Amino acid sequence: MNTRRNRFVVTVTVVVMAVIAAACGGGSSSSSGGSSASGKPLVIGISLSQSGDFSDPGHAAMLGYQLWADSVNKRGGVLGRKVVLKIVDDASDPNQAVTNYQTLITKDKVDLVFGPFSTLLTAPSARVASRYGYSFLEPAGGGQLVFDQKLHNVFFVQPAPTVNCGDPFVDYLSTLPASQRPKTAAYPTLDDPFATPIVERARAKLEALGVKTVYSQVYPAETADMTPIVAKMVAAKPDLIFGGTQSLDAYGIVNGLVQQHYNPKFLFLSNGANSAAEFPDKVGANNTEGILSCTDWFPELKTAGNAQFVSEYLAKYGGTADTIDGGSAEAYAVGQVLEQEAKKTGKVDNATIISTLHSGVWPTVEGNLSWDQYGAPTGSQLMTQWQSGKLVPVWPQATALAAPTSPKPPWGG
Amino acid sequence: MHLIVQAAILGLLTGGVYALMASGLTLAFGVMRVINVAQGAMIVAGAYVSYTMFTQLQIDPFVSIVIMAPAAFVVGVAVQLVFLRPLRSDEREELSLLVTWAIALGIEGILGIFYQTTLRATRPSYVNDSLTLFGYDVSVVRLAAFAASCVILVLLYLMLQHTRFGRAIRATVQNPTAASLLGVESNRVAAYGFGISVATATAAGAVFGMITPFNAGSHYDLISRLLTIIVLGGMGSLGGAVIAALFMGMSEAILAVEMSPTWASLWFFVILVLVLLIRPQGLLGTPERGKL
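Protein chains in written order, with my numbering: chain X, 85 to 497; chain Y, -17 to 274.
Below, the structure is given as structure tokens:
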């Protein structure tokens, strides 16, 4: 009996160890760059998700950070100091991210810190950085939660806060003749801290434009099947469907509409439809035409250093321009801001960074950025549209690479 | 009324797929008193294998079921021999939770290494085709998935009712000691039973991958639904699992259009609590043991 029991205990122990090894694959720490013989290296600590739910976007951010570090080091570093990145894994866990920044600042005594991926991790991490007087340039924490903390050390390195996603779409509609605007709108909305505020803001603006709401529904994140929601929405026959979505529900809405043979005049999805690599795969490439969304970066944008970023990225990592994750560009832009700040002030200390970046305009691959007192960027998001099988920025006109088209063509067209 | 009927059709088709997913789970409990919380992960693994066969070898997902199921049966037997058989019989239910949870995490970790967390979807050319029957839209894939689920469940039922092995399984479920005394090799029955359970999971996975995009973490949501279904239907009862799955699919869809999607999820759990209070053994379960 004892032998059997021991065998069982050994088996379970082996399984548990195997699971831990599998789940934690990827290691916990990495660094990029190298120390310079001519000066003290500039060590920048970053917590990134290398495992867990955010491991893909976390990896994309890591590629961007490392690309910038390599690039700046080739140019002689920041004020002659070689950049060394100390990247640690937070396993997509906010508590681990907080612990990581605490360790990076107090134990490792890094010179600077850059932000992690997602609002969920950025908000508590920014508070840690603020407590120790560290600046917090961050690429991916654009939710209101971050700015509501009213921290002065935060700078969200994208053109606009996430909540403004629908603004360029409403702006575009307002330029159309009344006869071409949608008369009615449906608002399927994921119960999510990112999606819901986007819809609330856009809906208020659209109703002010005279667009009547005929359907509005918040659905929980665990909704496994979107087809009943789509069925009810279709029954209301809206001209416009403005979805506050993430990815799974965005795919579910499009597939449900195709299966139920309903083609709205306008279809805007706040997230999910803005991934050139993912979206056609999940809904069928011939069903993407005319669908609108929002984003912050494109490989073809004529922004500061963008062509160089794209060519460096492809040289280092391979692939094609349209497969570059926007998260890499966002992280690269963080480095660009730091580089410019150092060049302008001749210093790279946290106090100088914080005091300097609250004024002026900072050109990056993400566009010309500026921030309010709590780190919210003051620019505009880009409205994107699927045209001829490609995702292109279509609004605002100043940065657009094509003109938006409406109404949406039939499915499969 | 049109909307309610449309929702009921959608829900019925979805419920059919859940019935297939839950059948293996209830079978494993009925035969071995193993609460296999790795069932969701096994379904997701099946979805990945089917996805890979479709994208790399252009094998239709429904055809992939025929290839995957026998292989999954062998894997299931091996898993039962290595991980589940050593469990002490007097603590099997509790220990099986721990062991199968470790298996679930192991599967998730391995899938994560090979496929990352990117969502995948198996999309044959007909994936968004739909028929209009009497004014109601019916997705071809969901209809085919429902039909496949029905065929597999009927085969499972016939096997349990009309074969010597099926009788051995039912005997083991009802009274393992008496079954052993009458010459049923309970160890072999348990291993084969678990093999069948894993085979149905991978078959359900092939269907699941066409209905919704998935990643390695999708099993958490799946297993919570499946456990609820088999508790509602009666632990160990195949018929109960089917009825509970169809009820869940239809009630969620109808409530989603008539009230709200939030109430749809909540309602199911309200029914579950009521059933457990009034009839703790579930709809078709028996108080003592499972009944297939």
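No residue lacks a Cβ here, since even glycine has one placed at the ideal position from N, Cα and C.
A quick note: this is a predicted structure, and the numbers were derived from the prediction, not measured.
query: Chain Y contacts made by the region 295 to 328 of chain X, where a contact means CB separation under 8 Å; result: 301, 302, 303, 304, 306, 307, 308, 309, 311, 312, 313, 315, 316 and 319
query: Per DSSP, cross-strand counterpart(s) of residue 328 of chain X; result: X:273
query: Chain-ordered chain Y contacts of residue 177 of chain X [CB-CB under 8 Å]; result: Those within 8 Å of residue 177 of chain X in chain Y number zero; the least Cβ separation is about 14 Å.
query: Residue 400 of chain X - partner residues in DSSP beta bridges; result: Bridge partners of residue 400 of chain X: none, in fact.
query: Nearest-angstrom Cβ-Cβ length linking residue 430 of chain X and residue 163 of chain X, presumed shorter than 8 Å; result: 7 Å
query: Minimum Cβ-Cβ distance from residue 202 of chain X to chain Y less than 8 Å; result: no
query: Whole-angstrom distance between residue 69 of chain Y and residue 376 of chain X, CA atom to CA atom; result: 55 Å
query: Minimum Cβ-Cβ distance from residue 149 of chain Y to chain X less than 8 Å; result: no
query: Within-8 Å CB hit, residue 121 of chain Y to chain X; result: yes
query: Residues near residue 320 of chain X in its chain [Cβ-Cβ closer than 8 Å; skip 5 each side]; result: 268, 270, 298 and 299
query: Best match in Y:-12, Y:-17, Y:-15 and Y:23 for proximity to residue 182 of chain Y [C-alpha to C-alpha]; result: Y:23
query: Three-state secondary structure (DSSP) of residue 222 of chain X; result: strand
query: Which residues DSSP lists as bridging residue 461 of chain X, in chain order; result: X:455
query: is_contact[residue 110 of chain Y, chain X] using C-beta, thresh 8 Å; result: yes
query: Top-ranked residue by Cα proximity to residue 496 of chain X, from X:165, X:458, X:374 and X:257; result: X:374
query: Cβ-based neighbour list, residue 452 of chain X, same chain, cut-off 6 Å, excluding 5 preceding and 5 following; result: 445
query: Proximity of residue 454 of chain X and residue 447 of chain X at Cβ, strictly below 8 Å; result: no
query: Boundaries of the alpha helix (DSSP H) in which residue 491 of chain X is found, first to last residue; result: Residue 491 of chain X -> no alpha helix (DSSP H), and no H or E assigned at all.
query: Contact the region 186 to 197 of chain X vs the region 123 to 135 of chain X: 3+ CB pairs below 8 Å; result: yes
query: Any C-beta of chain Y under 8 Å from that of residue 344 of chain X; result: yes
query: Minimum Cβ-Cβ distance from residue 173 of chain X to chain Y less than 8 Å; result: no
query: Beta-carbon proximity check, residue 219 of chain Y vs residue 135 of chain Y, cutoff 8 Å; result: no
query: Strand pairing of residue 353 of chain X, partner residues [DSSP]; result: X:327
query: Burial state of residue 170 of chain X, where buried means 16 or more other Cβ atoms lie within 10 Å; result: buried
query: Chain-order list of residues whose beta-carbon lies under 7 Å from that of residue 184 of chain X (same chain, five-residue window excluded); result: 131, 172 and 174
query: Residue-chain proximity (residue 38 of chain Y, chain X), Cβ-Cβ < 8 Å; result: no
query: Collapsed DSSP secondary structure at residue 85 of chain X in the structure displayed; result: Reliability of the predicted coordinates at residue 85 of chain X is poor, the pLDDT of 40 falling under 50, and no value is obtained from them.
query: Every unbroken beta strand (DSSP E) within the region 153 to 183 of chain X, with a cutoff of 3 residues, ordered by chain; result: 167 to 173
query: Chain-order list of residues whose beta-carbon lies under 6 Å from that of residue 249 of chain X (same chain, five-residue window excluded); result: 282, 354, 378 and 465
query: Whole-angstrom distance between residue 160 of chain X and residue 204 of chain Y, CA atom to CA atom; result: 52 Å
query: Own chain partners of residue 1 of chain Y with C-beta closer than 7 Å, once the 5 adjacent residues on each side are dropped; result: 131, 135, 223, 224, 227 and 228
query: Distance between residue 352 of chain X and residue 284 of chain X (C-alpha atoms, nearest Å); result: 14 Å
query: Interface flag, residue 15 of chain Y vs chain X, CB-CB below 8 Å; result: no
query: Whole-angstrom distance between residue 488 of chain X and residue 286 of chain X, CA atom to CA atom; result: 18 Å
query: Proximity test, Cβ basis, 8 Å: residue 368 of chain X and chain Y; result: yes
query: From X:397, X:476 and X:179, residue whose alpha carbon lies closest to that of residue 212 of chain X; result: X:179
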